[in-house]
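K.L.:
For the sequence shown, the numbering used here begins at 784 and goes up steadily by one. From the three backbone atoms N, C-alpha and C, an ideal C-beta is built for every residue, glycine too. Following this message is one structure expressed as structure tokens.
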Amino acid sequence: MKLLSDLFPIILFFVAYKTHGIFVATALAIVASAGQIAWLKLRGRTVDNMQWASLVIIVVFGGMTLLFRDETFIKWKPTVLYAAFAVALLVSRYAMKRNLIEAMMGKQVRLPAFVWDRLNLAWVVFFAALGVLNILIAQSFSTDVWVNFKLFGSLGLTVLFVIAQALYFSRHVQEEQP
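Shown next, in the form of structure tokens:
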């Protein structure tokens, strides 16, 4: 359900783009992202930092897209978000001595410290690569291709990356001691 909830603004953006164009899709994505957080708050759920960061970035870059009637800004939004995630993972690990990947997943699985560090670094590299790929596609192809990549390409790459990570860390899972 969380995955569906997180995909909700992206799916709405995609559908609105296909039916009404980039500016309506951008406005709807802003409203959907704000609505998603409002819904979580109303239900007494925790809004994680990634959701807040995503909201701020969609409001800023989506707002600039609408204000200047220039789709370039919304095309930069995923790259800025991926960069923010990569920087957050790096800063938390090396400046604050806290591994965010371990903090998110550590209750579900026990792994040696070196594996958590590798997973953290892998996510940093993945987010950086996805950000670069987003910009390359946004600048080299039509908006239609970029929108399709935004939903299907980045989601597909993320699923493949998560599967690869699961295969990697499954070799290192430590069993609970009885």
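What's the call for K824, buried or exposed, on a 16-neighbour Cβ count within 10 Å?
P.N.:
If you number the sequence shown from 1, residue 824 lands on position 41. Exposed.
K.L.:
Just to confirm the assignment, what range does the alpha helix (DSSP H) spanning V830 have?
P.N.:
Here the question's residue 830 lines up with position 47 in the sequence shown. Here V830 belongs to no alpha helix (DSSP H), and DSSP marks it neither H nor E.
K.L.:
Buried or exposed: where does I840 fall if 16 or more other Cβ atoms within 10 Å of its Cβ makes it buried?
P.N.:
Within the sequence shown, residue 840 is the residue found at index 57, counting from 1. That one is buried.
K.L.:
Using C-beta distances below 7 Å, list every residue in its chain close to A905, excluding the 5 sequence neighbours before and after it, in chain order.
P.N.:
Here residue 905 corresponds to residue number 122 of the sequence shown, with the count starting at 1. Same-chain partners within the cutoff: Q948.
K.L.:
Hey, L916 and T941: beta-carbon distance below 9 Å or not?
P.N.:
To locate residue 916, count along the sequence shown from 1; it is residue 133. To locate residue 941, count along the sequence shown from 1; it is residue 158. No, the pair does not count as a contact, with Cβ atoms beyond the cut-off.
K.L.:
If you draw a straight line from the C-alpha of H955 to the C-alpha of G846, how long is it?
P.N.:
Along the sequence shown, one-based indexing puts residue 955 at 172. Along the sequence shown, one-based indexing puts residue 846 at 63. Cα to Cα, H955 sits roughly 45 Å from G846.
K.L.:
Hey, how far is the Cα of F797 from the Cα of A810?
P.N.:
In the sequence shown, residue 797 corresponds to position 14, counting from 1. In the sequence shown, residue 810 corresponds to position 27, counting from 1. Taking the straight line from one Cα to the other gives about 12 Å.
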